[in-house]
Structures are given as structure tokens and as C-alpha cells.
Amino acid sequence: MTVLASSTRFCWWFTKIKLSRIILLLLLILVMAPLFAHYFLSEVERNSSAEAQKSKIKLDSMDDFTSQYKILDIKKRINDMMRIKGSVSQELRDLESKRLDMMIEINSYVSKIDQIK
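Pasting the structure below:
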């Protein structure tokens, strides 16, 4: 009974308000709700862009620290590549000299075969 009594009291209060006031109240709510939502969403976006800017500054300072490390790492890699290039060039020269020696040996065998015929 108390639930029914309270709902009838609410309905009684609701019936005493004029229709123009209900329409005005609904219109006010329908206009103000999107404005509040827009305001709060733009505040969230502003705060997140400020946080993104702060983290970008932190990343830039980390890049300054790591760029020196990267330069040293790249220099080390270049030196390693130059060393590898030198050793590959030396090995290629050795193989070319062996090939030349084998070609000379093959030519001597071919000339011996021709003499035997």
C-alpha cells in the first residue's frame, strides 16, 4: 500500500504541473544534455592531448639519450662490415690465385696430352 500511495502522490504532483512547463522542462533537458556532453568530452580530449604532449616530450628526451647510443651502435656495425669486407676480399683474392694456379696446371696437362697424341 505504501508503494501505491507514494506512486499516487508522485502522479498527483505530476498532474498539478502545467503541460507548458513539462514541455519547457523537457526542451531544456534536451538542449542542455548535449551541451554538457560536448563540454565534458572536449575537456577529456584537451586533457588527453596535454598528456600526449607530455609523453611526446618525454619520448623526445629519451630519443636524445638513445640517439647517442644508436650512433655508437651504427659506428660499431660499420666497422664490423668494413672488417668483413676486408676478409671477404682477401678470401676472394686467395680463391682467384688458386683458380689461376689450377688453370695453369690444367693447361700444362692439356699440352702434355697433346704431345702424347
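If you're matching positions, the sequence shown starts at 60 in the working numbering and goes up one per residue.
Backbone N, C-alpha and C fix where the C-beta goes; we use that ideal spot for every residue, glycine too.
Check: Straight-line CA distance for Met-141 to Tyr-128?
Finding: 20 Å
Item checked: Secondary structure of Asp-77, DSSP reduced to three states -> The question names Asp, yet the displayed sequence has Lys at residue 77. DSSP places Lys-77 in coil when its eight states are reduced to three.
Note to self: Taking only three categories from DSSP, how would you classify Lys-176?
What the structure shows: coil
Check: If you draw a straight line from the alpha carbon of Ala-96 to that of Leu-78, how long is it in whole angstroms?
Finding: 27 Å
Check: Can you give the Cα-Cα distance for Ile-175 and Ile-165, rounded to whole angstroms?
Finding: 15 Å
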